[in-house]
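Novice:
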Amino acid sequence: MPCLVDKAVGDGVAVWDSLAITEYLAEQHTNVWPTDKIARAWARSATAEMHSGFGALRDECSMNCGVRVELNSLSAKLKADLTRLDALWQQGLERFDGPFLAGEYFTAVDAFYAPVAFRVQTFNLPVSEHSQVYVERLLALPAMQAWYQAALEETWREPMHEDETLKNGTLSADYRHA
């Protein structure tokens, strides 16, 4: 679970949960959310949906940047999550004319879907061409590249997580350095 400790406030304040951290940061920094009211409302809704939804995607396609997995099949629930994900991304990209979900700039909503971009890559998940372009755009960002490189260099392995990654498929590539 993520936790932000802001030591600049009194004796320090701990803020846990990714959505709470995002809102805390938005109070101190501009452009965490879109400036346009409609785009901001949409971005918050899409972020909340990612935060609380997409259970099959999370359960069946665990986060593991450094490997590639060929899924045995797509469950009905995973297909439904991917259909919803694709529709949501299409809506944001088209409605706000972005290269990003809520418009011209990367905002919190894109940050919440960044792990999904890695899952699309890891499991070669079927998304529309338009959504695949968005995934590739996210994966090309310098911060995403740094995250990916750090993941490749991580030497610690958690057996339960490794098993979880392969519970629905077969390892086709492992790009991790150790």
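The opening residue of the sequence shown carries number 33 in the numbering used here; numbering runs sequentially from there.
We treat Cβ as the ideally placed atom computed from N, Cα and C, and that holds for glycine.
From a predicted model like this one, the values you see are computed outputs, not experimental measurements.
Kindly identify the DSSP beta-bridge partner or partners of V47.
Specialist: Here residue 47 is taken as the residue at index 15 of the sequence shown, counted from 1. Note: V47 sits in a beta bridge opposite L36.
Novice: For L170, collect the residues of the same chain with a Cβ closer than 8 Å to its Cβ; drop the 5 residues on either side in sequence, then sort them by chain order.
Specialist: What you label residue 170 is simply residue 138 of the sequence shown in a count that begins at 1. Here the set comprises D142, Y145, A146, A149, M176.
Novice: Since R100 sits in a beta bridge, which residues does DSSP pair it with?
Specialist: As a first step, residue 100 is located in the sequence shown; it is residue number 68 there, counting from the start. R100 is bridged to A205.
Novice: Over the uninterrupted alpha helix (DSSP H) stretch that includes S77, give me the two end residues.
Specialist: On the sequence shown, residue 77 is found 45 positions in, with the first residue counted as 1. S77 -> alpha helix (DSSP H) spans 69 to 84.
Novice: From this set, W74, L114, A78, which residue's C-alpha is nearest E92's C-alpha?
Specialist: As a position in the sequence shown, residue 92 is number 60, starting the count at 1. Selected option, being the one with the closest Cα: L114.
Novice: If you check the beta carbons only, do S160 and Q122 fall under 8 Å apart?
Specialist: Sequence index remark: in the sequence shown, residue 160 carries index 128 (1-based). Sequence index remark: in the sequence shown, residue 122 carries index 90 (1-based). Contact flag set, yes.
Novice: Please report how far the alpha carbon of T67 lies from the alpha carbon of M192, in whole angstroms.
Specialist: Taking the first residue of the sequence shown as 1, we reach residue 67 at position 35. Taking the first residue of the sequence shown as 1, we reach residue 192 at position 160. Between T67 and M192, the C-alpha separation is close to 42 Å.
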